[in-house]
Every structure is written in structure tokens, then in C-alpha cells.
Amino acid sequence: MIEIFRITSRDPMFKSFQQDYLNGVFQHDPDIEVKSWFDAGIGEQVITFSLRIFPRDW
Numbered sequence: 070m071i072e073i074f075r076i077t078s079r080d081p082m083f084k085s086f087q088q089d090y091l092n093g094v095f096q097h098d099p100d101i102e103v104k105s106w107f108d109a110g111i112g113e114q115v116i117t118f119s120l121r122i123f124p125r126d127w
């Protein structure tokens with residue numbers, strides 16, 4: 070199952086996600102894909118990404 074998430078620069082996990090992305094942490098991970106990254110125009114950045122979530126019994 071693939072879930073779509075959106076985080077903004079107001080989100081506490083944004084800096085961590087941004088740093089991991091810029092360091093290439095997700096580059097070889099087939100379960101996460103950054104769909105878009107844009108500036109919302111008020112100094113706020115928005116990242117939309119998809120994450121493949123496996124059922125608990127896998």
C-alpha cells in the first residue's frame with residue numbers, strides 16, 4: 070500500500086527529512102519517493118512524498 074504524505078517547514082520533522090534527502094538517504098530506497106518540493110511563497114516549503122507501507126504481518 071502506498072500512502073502520500075505532505076510536510077511543511079513548520080513541521081518538526083521537516084529539518085530532519087530535508088537533511089536526509091539532501092544527504093541522499095532516500096536515493097536508493099524504493100519505498101520512498103519525493104513527488105514534489107516547492108516554496109509556498111511565504112517562506113514555507115512543502116514536500117510531498119509517497120511511502121510504501123507494508124502490512125504488519127509481512
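Take 70 as the starting number for the sequence shown in my numbering and just add one per residue. A virtual CB, placed ideally from N, CA and C, is assigned to each residue, including glycine. Model, not experiment: these values are computed from the prediction.
The beta strand (DSSP E) spanning residue i covers which residue range?
{"i": "residue 119", "result": "114-121"}
{"i": "residue 108", "result": "101-108"}
{"i": "residue 79", "result": "Neither: residue 79 is in no beta strand (DSSP E) and is coded neither H nor E."}
Which first and last residues belong to the alpha helix (DSSP H) in which residue i is found?
{"i": "residue 85", "result": "83-91"}
With distances taken from CA atoms, which of the options is nearest residue i?
{"i": "residue 72", "options": "102, 97 and 88", "result": "102"}
{"i": "residue 100", "options": "76, 119 and 114", "result": "119"}
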